[in-house]
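S.K.: Take this structure first; my questions come after.
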Amino acid sequence: TLRYLDQCLSESCTSDFRLTAFYAIFDQNKRLLHFASAGHLPMLVYRPSLGQIFLLNTSGAPLGRMSATDEPASNRFAPNLSTIESEKVALHQNDLLVLYSDGVLSARNAAGEYFGRQRLVDFIMQHGELSPTEFLVELRNLLQQFTGGQITHDDITVITLKNVLRNLDKPHSEAVACELADKFMTTGQEQAILSVLRENPQAGVDEIIEHLDEDIFYALTRERIEQYLNQNGRWLQPWPTRNGKTDKAPAKSGNGVAPVVPVEAESQKFQEDLLAAFPLRKLLHKRYSCNGATPEFAQALQHYHDGDYGQALHVMAPLQSSIKNSATMHCFFGNLHLLSGKKAPAQQEYLAALNLDQRCAHAWLALSYVALADEDYSMAIEYLATALRLDGNLADFQTFLQKLISAVERRENRVEWLL
Numbered sequence: 001t002l003r004y005l006d007q008c009l010s011e012s013c014t015s016d017f018r019l020t021a022f023y024a025i026f027d028q029n030k031r032l033l034h035f036a037s038a039g040h041l042p043m044l045v046y047r048p049s050l051g052q053i054f055l056l057n058t059s060g061a062p063l064g065r066m067s068a069t070d071e072p073a074s075n076r077f078a079p080n081l082s083t084i085e086s087e088k089v090a091l092h093q094n095d096l097l098v099l100y101s102d103g104v105l106s107a108r109n110a111a112g113e114y115f116g117r118q119r120l121v122d123f124i125m126q127h128g129e130l131s132p133t134e135f136l137v138e139l140r141n142l143l144q145q146f147t148g149g150q151i152t153h154d155d156i157t158v159i160t161l162k163n164v165l166r167n168l169d170k171p172h173s174e175a176v177a178c179e180l181a182d183k184f185m186t187t188g189q190e191q192a193i194l195s196v197l198r199e200n201p202q203a204g205v206d207e208i209i210e211h212l213d214e215d216i217f218y219a220l221t222r223e224r225i226e227q228y229l230n231q232n233g234r235w236l237q238p239w240p241t242r243n244g245k246t247d248k249a250p251a252k253s254g255n256g257v258a259p260v261v262p263v264e265a266e267s268q269k270f271q272e273d274l275l276a277a278f279p280l281r282k283l284l285h286k287r288y289s290c291n292g293a294t295p296e297f298a299q300a301l302q303h304y305h306d307g308d309y310g311q312a313l314h315v316m317a318p319l320q321s322s323i324k325n326s327a328t329m330h331c332f333f334g335n336l337h338l339l340s341g342k343k344a345p346a347q348q349e350y351l352a353a354l355n356l357d358q359r360c361a362h363a364w365l366a367l368s369y370v371a372l373a374d375e376d377y378s379m380a381i382e383y384l385a386t387a388l389r390l391d392g393n394l395a396d397f398q399t400f401l402q403k404l405i406s407a408v409e410r411r412e413n414r415v416e417w418l419l
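Letter by letter, the sequence shown follows residues 1 to 419 of the numbering used here.
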């Protein structure tokens, strides 16, 4: 199914199209879960009888790029992910399968912290014995509480399946060789591997094994560690290696010593250069018209087109309630606020636009500029990437996104983990 879908997408979409997917079928008669992954994050199975959570994944690149040649650069552990593989595991009575999109992990709170996989794992351990409906209600409440009810940059999707069928008196012959604990690692075992990688980001398989406790290594075996890294290595890469790039050493002066630049001044220049490079004119300087415009509205539009944004906002603000509520209307007023130097109300208008239309690329682009002005470069990158997924005709913004990512990599030498 995934191979056929990949073929269809490859034929009908642009060459840079990317889509991760996870596909699963539960055979109730055999108590077997068949599944395959196309570059997706591992799914989770909670087994209450063991009090453990297992990671389900298989090898496979994102859909739409199966013949692409850039995958090896993004995953040093797996030389070739071009083939989608299927797997199967036996589910016991009361096992809970949790399928989720990466928007769950990337949801952020007011402090900018990610929800992350560990919070999801902790939640499953605490609530995994609930019914699927009760589980989802509690998880939704937790996510709303964590994000403060604010709109997220990516979709949040969770699907749960609980096997309420009693175990067979005699397991099906296929299920005997598909025991979950024999084929996949637990989240606790994964944390042991990640602990090594945090201390040694460029560690290879041999180095990882060398640093693992003997009990963990013997429980996992080398084969399963390699399998895990092959399947998930693309999610574990530090920023400087995700695009096959390495950081350059700082330039040195004539005496061989790197020049000292005040941190505050350097940070300010870094931000100013990025703001200057942002294609703001293409975003904000648009011509608008309005059917049935009153003389006051026509006057306000003229001020806007003449570049007198403060006056346009002064005349237009009292008229906002008389304009049909739409994403375009909120983006227009967001533009006015932003052009008038009022960042906070501009942000509120763009968020209001997205509440009406999640596919409004203009709002995502504008929010990326606001995040850039706040020096929140991670969110600026995520907002830009979202806009580019929605609209493929944004070449200038695509170029800027690449510039922004490269600049952040060089400046911060960041290592990000999706946990």
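Idealized CB from N, CA, C, for every residue including glycine.
Alpha carbon to alpha carbon, what distance is there between E11 and M185?
M.R.: One C-alpha to the other measures close to 36 angstroms.
S.K.: Hey, quick one: how far does the alpha helix (DSSP H) through M125 stretch, first residue to last?
M.R.: Run containing M125: 116-127, per the alpha helix (DSSP H) assignment.
S.K.: Compare the beta carbon distance of I208 and Q189 with 8 angstroms and say whether it is the shorter of the two.
M.R.: No, the pair does not count as a contact, with Cβ atoms beyond the cut-off.
S.K.: In the DSSP assignment, find the unbroken beta strand (DSSP E) run with K162 in it and report its ends.
M.R.: Its beta strand (DSSP E) spans residues 158-162.
S.K.: From the DSSP output, which residues share a beta bridge with I53?
M.R.: I53 is bridged to Y46.
S.K.: Closest to T386 by CA distance: which of G60, L280, L365, T187 is it?
M.R.: Taking only the C-alpha atoms, the option nearest T386 is L365.
S.K.: What are the boundary residues of the alpha helix (DSSP H) that includes I193?
M.R.: It spans 187-199 - the alpha helix (DSSP H) in which I193 sits, taken as one unbroken run.
S.K.: I'd like the list of long-range same chain contacts for C331, defined as Cβ closer than 8 angstroms, with 5 residues on each side in sequence excluded.
M.R.: Cβ within range, chain order: E349, Y350, A353, C360, H362, A363, A366.
S.K.: So, using beta-carbon positions, are R31 and L229 closer together than 8 angstroms?
M.R.: Not closer than 8 angstroms, so no.
S.K.: Whose CA, out of D357, L401, S326, lies closest to the CA of D448?
M.R.: Residue 448 lies beyond the range of the chain shown here (1 to 419); nothing can be said about it.
S.K.: How is the beta strand (DSSP E) around F35 delimited, first residue to last?
M.R.: From DSSP, the beta strand (DSSP E) with F35 extends over 32-38.
S.K.: Per DSSP, what kind of secondary structure is S340 in: helix, strand or coil?
M.R.: S340 falls in the coil class under three-state DSSP.
S.K.: Grouping DSSP H, G and I as helix and E and B as strand, with all else coil, what is L212?
M.R.: Reduced to three states, the DSSP call for L212 is coil.
S.K.: In the DSSP assignment, find the beta strand (DSSP E) that holds I25 and state where it starts and stops.
M.R.: It spans 21-27 - the beta strand (DSSP E) in which I25 sits, taken as one unbroken run.
S.K.: Bridge partners of L97, per DSSP?
M.R.: In the DSSP output, where bridge partners are listed per residue, L97 has V45, L161.
S.K.: Spatial neighbours of Y100 within its chain, please: CB distance less than 6 angstroms, with the 5 preceding and 5 following residues excluded, ordered by chain position.
M.R.: The answer, listed in chain order, is V158.
S.K.: Which residue marks the beginning of the beta strand (DSSP E) containing E87, and which one marks its end?
M.R.: Counting along the chain, the beta strand (DSSP E) containing E87 begins and ends at 86-90.
S.K.: Do you know whose CA, among V176, V205, P345, A192, lies nearest E226's CA?
M.R.: Of the candidates V176, V205, P345, A192, the one whose C-alpha sits nearest the C-alpha of E226 is V205.
S.K.: For L275, does the count of other Cβ atoms within 10 angstroms reach 16, so buried, or fall short, so exposed?
M.R.: Burial call: exposed.
S.K.: Could you tell me which of A300, E375, M43 sits nearest to L180, measuring between CA atoms?
M.R.: Comparing Cα positions, the closest option is M43.
S.K.: So, with DSSP's three-state summary, where would you put R389?
M.R.: Residue state, collapsed to three classes: helix.
S.K.: According to DSSP, which residues form a beta bridge with L63?
M.R.: L63 is bridged to L19.
S.K.: How big is the Cα-Cα spacing for L5 and L143?
M.R.: Taking the straight line from one Cα to the other gives about 31 angstroms.
S.K.: Relative to the alpha-carbon of L404, which residue among S378, R389, L394, A395 has its alpha-carbon at the smallest distance?
M.R.: Out of S378, R389, L394, A395, S378 has the C-alpha closest to the C-alpha of L404.
S.K.: Exposed or buried, which one is P318 when buried takes at least 16 other CB atoms within 10 Å?
M.R.: P318 comes out exposed.
S.K.: Can you list, in chain order, the residues of its chain whose CB lies under 6 angstroms from that of N243, leaving out five sequence neighbours each side?
M.R.: Residue confidence is low: N243 scores 34 on pLDDT, short of 50, so the model does not pin down where it sits. Its coordinate-derived value is still stated next. Excluding sequence neighbours, N243 sits near nothing in its chain.
S.K.: Is R359 helix, strand or coil by DSSP?
M.R.: If DSSP states are grouped into helix, strand and coil, R359 belongs with coil.
S.K.: Using only the alpha-carbon positions, how far apart do V137 and I124 sit?
M.R.: Going from the Cα of V137 to the Cα of I124 covers about 13 angstroms.
S.K.: Can you give the Cα-Cα distance for A110 and Q347, rounded to whole angstroms?
M.R.: Approximately 15 angstroms, taken between the alpha carbons.
S.K.: Judging by CA-CA distance, which residue of A373, G64, E129 is the nearest neighbour of S267?
M.R.: Taking only the C-alpha atoms, the option nearest S267 is A373.
S.K.: Is L421 near S368, with beta carbons less than 8 angstroms apart?
M.R.: Residue 421 falls outside the range modelled here, since the chain spans only 1 to 419, and no answer is possible.
S.K.: Look up R108 in the DSSP assignment and give the residues it is bridged to.
M.R.: Paired residues: Y114.
S.K.: For N200, count neighbouring C-beta atoms within 10 Å of its own C-beta (all shown protein chains included) and say buried if the count is 16 or more, exposed if not.
M.R.: Label assigned to N200: exposed.
S.K.: With a Cβ-Cβ cutoff of 8 angstroms, do F22 and H34 count as a contact?
M.R.: For F22 and H34, no; Cβs fall outside 8 angstroms.
S.K.: Let me know the secondary structure DSSP gives T399 once reduced to three states.
M.R.: Helix.
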